[in-house]
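Residues in the sequence shown are numbered from 410 upward in steps of one, following the numbering used here. No residue lacks a Cβ here, since even glycine has one placed at the ideal position from N, Cα and C. Read through the structure below, which is laid out as structure tokens, and then see the notes.
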Amino acid sequence: QLARMLVEYTQNQKDVLSEKEKKLEGVMIDFGL
410 QLARMLVEYT QNQKDVLSEK EKKLEGVMID FGL
């Protein structure tokens, strides 16, 4: 049970990170970096 919760948590953290990275890339493209 606990292991499954940990796996789901880490998956969610990765999804959040990739979303932030996508936004950062978009901002950098806007600034022409």
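Backbone CA spacing between residue i and residue j [nearest angstrom]
i      : j      : result
Thr419 : Val425 : 10 Å
Lys431 : Phe440 : 14 Å
Asn421 : Ser427 : 10 Å
Val416 : Ile438 : 33 Å
Residues near residue i by beta carbon distance below 7 Å, same chain, minus five either side
i      : result
Val436 : none
Beta-carbon contacts of residue i that lie in its chain and below 6 Å, excluding the five residues immediately before and after
i      : result
Ala412 : none
Residue i CB to nearest heavy atom of the ligand FAD below 6 Å
i      : result
Glu434 : Among the ligands in the structure shown, none appear at all, so the ligand FAD cannot be discussed.
Cβ of residue i within 7 Å of any chain B Cβ
i      : result
Ile438 : No chain B appears in this structure, which consists of one protein chain only.
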